[in-house]
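Working notes for the structure below.
There are 2 protein chains.
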Amino acid sequence: MTQLQRRKIPDAAIARLPIYLQILNNLAVTNVLRFSSDELAALAGVNAAKVRKDLSYLGSYGTRGVGYEVTYLIYQIKRELGLMREWNVVVVGAGNLGCALAKFDGFLSRGFPVVGIVDNDPKKIGRTTSSLTVGDVADLKNIVRDEKVNIGVITTSSAAAQSAADALIEAGITSILNFAPVVLSTPSSVSVRHVDLGVELQILSYYEQMRIETGIKSDSSPELSKVGVQ
Amino acid sequence: MTQLQRRKIPDAAIARLPIYLQILNNLAVTNVLRFSSDELAALAGVNAAKVRKDLSYLGSYGTRGVGYEVTYLIYQIKRELGLMREWNVVVVGAGNLGCALAKFDGFLSRGFPVVGIVDNDPKKIGRTTSSLTVGDVADLKNIVRDEKVNIGVITTSSAAAQSAADALIEAGITSILNFAPVVLSTPSSVSVRHVDLGVELQILSYYEQMRIETGIKSDSSPELSKVGVQ
DNA sequence: AGGGCTTAGTGCATTAATTCACAAAGTCAG
DNA sequence: CTGACTTTGTGAATTAATGCACTAAGCCCT
């Protein structure tokens, strides 16, 4: 493969790029043309050196003494993250959360249109939510092929999550966002990200209890979470 | 403060304890009495030494040559995470996601009852979702006091998120779970965890693009996300 | 044209997290 | 009771991430 060797960017930096992108998009809307690493650092709640290092993984796109150009950096981050195109999403599990996500415009607006939602419950199959009709999980393979799905979102019960994952992988999906509170077993060629709301609350619980036990001296808990790392 | 100095547990370990707890609860249901660090490591998808080190932060509760007792470890993890009690949750923002979360039984079942949901939109105030009536965000202070709320969950639009956070903090809340795609500005005495679904998808997008560009040689993306860290 | 000012980029020290690898401590069979 | 076997607990090595502090570059004012 005579392909230009791709820069290896640390995972921790990759997880911050979407946050920067978010902020830069807001700056663009308010017609800000330029920003310095200090400014972005303040807005993102991180260290300025970290911002510069993170951005330097993209290439040397700043100007010393001046800063970075908002629109150009937006372009570069999007390019790096693979956001120059859309990625189609299928939701597996048409419960409360699954339906809420299917309706959620934050997905579409960020370039991740939800092109299908499926379930294994005959009572749910055929129902319509926003503009989608709930399909049969058994048809996943066809849906993935016909709708050119790239990413699977699992919002089933924890009992059904592993078989949902198996079905997605069988259908050729290699990126999964899992909301079910179970650790999925998947080949290492598949990327899985796990969002567990219970886990988030339990982590908060730890720091909250800590504050109570130590008499609210506080200041020991991290400002930002692991989701969208600080 | 003549309090027993609390063991300082690394943040990364704290974020894994809820995952272990999850798995142990499942083991308990299937009447498994004991487990070894190897077994738990396999189930959690992590290294066995990491499991042992994480559990050792709780104290020396294993037996060499034997392993750990399921129920005893569940007890110890819950104690450490502050899960011997319930923590009351209020949801700010009664949109799709907020209502889905208010209904979500995963919160209650893990000891985080949702005791209130509020919004600032007069059209939404007064509506009933599951067993809750949407209150006015202006009453947040009273709700927090009367319902003994410990944790605030923000599911507003990104435009409204900062003022929602300010209102929560003003009402005395020190733990916030934020779903809005903005970085909140908060005093360091407040713990904030940020779950941004768009960010999760964008991270997946990066690794997906990487696989495509490098010709699906794969194996370079992390197995588990930062939310509920590996 | 030049000097002062600002800010990116980065080498290096530090800190945090992970993993290895082994001694210590226990079980169990005979 | 002894010796083989298992598995914990943890120092020490390694790897990853962070943040400092300085150099290099470019702007702007005079």
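Note that the protein sequences, when read in sequence, are chains S and Y. Per the numbering used here, the first sequence starts with residue 1152, numbered consecutively. Per the numbering used here, the second sequence starts with residue 1152, numbered consecutively. C-beta atoms are modelled at their ideal positions from N, C-alpha and C, and glycine is treated no differently. In this text the structure is predicted, and so the values were computed from the model without any measurement.
Own chain residues within Cβ distance below 8 Å of residue i, not counting five before or after
i, result
"Y/E1093", "Only positions 1152 to 1381 of chain Y appear in this structure, which leaves residue 1093 of chain Y out of reach."
"Y/M1235", "K1229"
"Y/V1183", "V1221"
"Y/T1280", "A1245, C1250, A1253, K1254, I1268"
"S/L1175", "F1186, L1191, V1221, L1224, I1225, I1228"
"S/S1340", "T1325"
CB contact check: residue i to chain S, cutoff 8 Å
i, result
"Y/G1196", "yes"
"Y/I1170", "yes"
"Y/N1293", "no"
"Y/L1319", "no"
"Y/I1302", "yes"
"Y/Q1313", "no"
"Y/L1248", "yes"
"Y/E1190", "no"
"Y/I1305", "no"
"Y/E1298", "no"
"Y/L1178", "no"
"Y/L1184", "no"
"Y/Q1173", "yes"
"Y/R1362", "yes"
"Y/P1264", "no"
"Y/G1244", "no"
"Y/K1201", "no"
"Y/Y1219", "no"
"Y/G1349", "yes"
Buried or exposed (CB count within 10 angstroms, at least 16 for buried), residue i
i, result
"S/L1178", "buried"
"S/S1336", "exposed"
"Y/K1275", "buried"
"Y/S1188", "buried"
"Y/V1217", "exposed"
"Y/A1316", "buried"
"S/S1207", "exposed"
"S/N1301", "buried"
"Y/R1344", "buried"
"S/G1366", "exposed"
"Y/P1332", "buried"
"S/S1308", "exposed"
Presumed contact (8 Å Cβ cut-off) between residue i and residue j, rounded CB distance
i, j, result
"S/Y1171", "S/L1191", "6 Å"
"S/Y1357", "Y/L1252", "No, S/Y1357 and Y/L1252 are not in contact; Cβ-Cβ is about 20 Å, not under 8 Å."
"Y/G1303", "Y/I1327", "5 Å"
"Y/V1288", "Y/A1310", "Actually they are not in contact, since the Cβ atoms of Y/V1288 and Y/A1310 sit about 14 Å apart, beyond 8 Å."
"S/T1306", "S/L1248", "5 Å"
"S/P1264", "S/E1237", "6 Å"
"Y/G1196", "S/V1243", "Their Cβ separation, rounded to whole angstroms, is 20 Å, which puts Y/G1196 and S/V1243 out of contact at 8 Å."
Residue i to residue j span [Cα, whole Å]
i, j, result
"S/I1225", "S/V1180", "12 Å"
"S/V1202", "S/G1323", "36 Å"
"Y/P1338", "S/N1198", "16 Å"
"S/G1286", "Y/E1321", "45 Å"
"Y/P1169", "S/G1262", "32 Å"
"Y/A1166", "S/I1354", "6 Å"
"Y/T1153", "Y/Q1313", "The predicted position of Y/T1153 is uncertain, since its pLDDT is 35 and thus under 50; no value can be drawn from it."
"S/V1295", "S/E1351", "31 Å"
"S/D1205", "Y/E1364", "21 Å"
"Y/R1215", "Y/A1164", "22 Å"
"Y/A1200", "Y/Y1219", "14 Å"
"S/Q1360", "Y/K1159", "13 Å"
"Y/L1283", "Y/G1257", "16 Å"
"S/D1290", "S/S1342", "22 Å"
"Y/L1209", "Y/D1162", "13 Å"
Proximal residues to residue i (C-beta, below 6 Å), its chain only, five neighbours per side dropped
i, result
"S/V1346", "F1330"
"Y/R1278", "V1285"
"S/K1292", "A1322"
"S/L1194", "I1174"
"Y/S1260", "none"
"Y/N1271", "V1288"
Residue-chain proximity (residue i, chain Y), Cβ-Cβ < 8 Å
i, result
"S/S1369", "A caution first: S/S1369 carries a pLDDT of 41, below 50, which makes its placement in the model unreliable, though a value can still be read off. S/S1369 counts as touching chain Y."
"S/A1164", "no"
"S/G1210", "no"
"S/S1372", "Caution is warranted here: a pLDDT of 44 is assigned to S/S1372, below 50, making its placement in the model unreliable, and the coordinate value is therefore given only provisionally. Closer than 8 Å: yes."
"S/S1282", "no"
"S/K1275", "no"
"S/S1207", "no"
"S/I1354", "yes"
"S/P1332", "yes"
"S/L1224", "no"
"S/S1326", "yes"
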